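Per this note's numbering, the very first residue in the sequence shown carries number 26; after that it's consecutive.
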Amino acid sequence: MIHLWQGDCLERIERLKESGITVDLTFLDPPFNQGKEYACVEDDLPEEEYWKWMHAICQATYENTTPGGAIYFMQREKNAEATLHTLRETGWVFQNLIIWLKKTSAVPGQRRFGKQFQIITFATKGKPARHFHRLRIDPPKPPNHKIPRENGIFVTDCWDDIREMTSGYLAGDEALRDKEGARLHKQQAPIALLRRILLSSTKPGDWTLDPCSGTGTTAVVADQLGRNCVAIEIDPNNVGIIDNRLKERRAADSICKHRVYYRYTPNLEESWNEQFAAQWYRENKIVH
Ligand SMILES: C[S@@+](CC[C@H](N)C(=O)[O-])C[C@H]1O[C@@H](n2cnc3c(N)ncnc32)[C@H](O)[C@@H]1O
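Below, the structure is given as structure tokens:
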């Protein structure tokens with residue numbers, strides 16, 4: 026089941042209790058306070074105000090999370106210190122600082138190295154995590170690789186195999202566009218990113234939460250994996266985009282692409298049940 030709620034995430038998270046929902050995993054991908062254009066939010070707050078806001082979201086999320094439940098908090102690498110601090114202050118237990126290495130884009134630097142990764146901090150409510158599925162993948166072997174590799178490798182904290190949704194044609198058919206070809210949302214996250222996060226830290230039937238949903242990537246993946254999702258988004262226009270996307274079920278949004286890449290994961294079928302994905306094409310249930 027997908028709950029699609031328009032409004033401010035802090036107010037809406039309060040509604041979780043009324044709805045009797047306890048969250049098992051949150052994907053938090055907020056505006057990064059870097060002066061980007063958002064219709065309903067100011068992305069240029071004083072530092073202190075911005076981190077007060079992040080603190081409030083992390084705290085409200087924590088209060089509504091099952092013991093051992095997870096948060097994956099995406100941020101710019103320059104905010105690593107503030108991110109870790111905010112999570113710790115709000116009770117979360119650090120698990121990993123995931124480096125999401127960009128494949129096609131970097132911010133050049135004149136007096137320092139160019140920046141080519143984003144951070145995703147994985148933390149849990151208490152230790153240990155209530156659920157963690159160790160995924161195995163089968164990336165191409167590097168040139169000159171001499172040791173035989175029969176059954177893939179475990180995913181580590183460096184994710185260099187998920188291409189970002191860059192601007193331009195490289196974003197491919199997954200990018201949501203209007204009739205003129207312009208992107209509907211510049212911060213759309215890739216399906217492959219959410220697929221990895223949800224497969225790692227949730228089971229079928231779990232509740233996921235995306236407080237700043239944008240185009241609803243978390244909900245689209247959750248729906249196909251048989252997880253529930255509360256998708257919150259402040260911009261009514263984006264809520265319309267999410268609603269359409271969930272109903273349209275585009276081939277480009279299918280999580281089934283590249284399943285073979287995960288084929289060496291132990292008990293994959295338990296977490297990634299192919300029937301759920303097949304069902305997705307027949308029905309989905311959206312509650313507003
Ligand atoms: C970085 S984008 C998220 C992109 C998303 N991960 C995706 O795959 O499309 C952040 C989103 O948060 C939304 N947002 C900003 N402030 C919010 C708030 N107070 N409550 C809910 N949503 C908010 C913005 O409108 C924007 O769409």
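Ideal placement from N, C-alpha and C gives every residue a C-beta, glycine not left out.
This structure is a prediction, so every number in the text was calculated from the model and none was measured.
Secondary structure of residue i, DSSP reduced to three states
i: Q143; result: strand
i: L70; result: coil
i: V132; result: strand
i: A154; result: coil
i: C289; result: For the sequence presented, residue 289 should be read as Tyr rather than Cys. Coil, per DSSP.
i: Y63; result: coil
i: D316; result: Examination of residue 316 is not possible in this model, given that the chain is present from 26 through 313 alone.
i: N253; result: strand
i: R37; result: helix
i: N104; result: helix
i: N121; result: strand
i: L112; result: helix
i: T86; result: helix
i: M79; result: helix
i: R284; result: helix
i: D278; result: helix
i: W297; result: coil
i: P55; result: coil
Same chain, Cβ closer than 8 Å to residue i, five either side skipped, listed in chain order
i: L271; result: I27, L29, G241, A244, V245, D248, N309 and I311
i: L41; result: T47, V48, N89, L234 and V255
i: F301; result: P229, Q249, L250 and G251
i: L70; result: N58 and W78
i: R202; result: R208 and L209
i: V180; result: R159, L160, R161, I162, R221 and S225
Beta-carbon separation (whole angstroms), residue i vs residue j, contact threshold 8 Å
i: W117; j: K150; result: 7 Å
i: C65; j: D260; result: 4 Å
i: R208; j: T129; result: Their Cβ separation, rounded to whole angstroms, is 15 Å, which puts R208 and T129 out of contact at 8 Å.
i: T90; j: F98; result: 13 Å between Cβ atoms; not a contact.
i: A148; j: I96; result: 5 Å
i: Q213; j: A200; result: 6 Å
i: R155; j: G93; result: 3 Å
i: R161; j: I172; result: Between I172 and R161 the Cβ distance is about 16 Å, and since that is not below 8 Å, they are no contact.
i: W232; j: N253; result: 5 Å
Cut-off 7 Å between Cβ atoms - residues of its own chain near residue i, not counting five sequence neighbours on either side
i: E114; result: H80
i: I38; result: A85, T86, N89 and P236
i: I267; result: L29, S238, T240, G241, A244, A256 and E258
i: F138; result: none
i: D182; result: N121, L122, I123 and I124
i: A131; result: G139, K140 and Q141
i: Q31; result: E258, P261 and V264
i: T111; result: W76, M79, H80 and C83
i: E102; result: K140, F142, Q143 and I144
i: N298; result: P229 and G251
i: D68; result: P56, N58, Q59, G60 and K61
i: T191; result: T129 and S130
Contacts around residue i, its chain only, beta-carbon distance under 6 Å, and the 5 residues preceding and following it disregarded
i: E72; result: none
i: H210; result: G239 and T240
i: L195; result: T129
i: P55; result: C237
i: F119; result: A148
i: Y286; result: I162 and D163
Unbroken alpha helix (DSSP H) runs of length 4 or more, entirely within the region 163-248: which are they?
216-226
Inter-stretch contact at 8 Å, needing at least 3 Cβ pairs: the region 219-236 / the region 290-299:
yes
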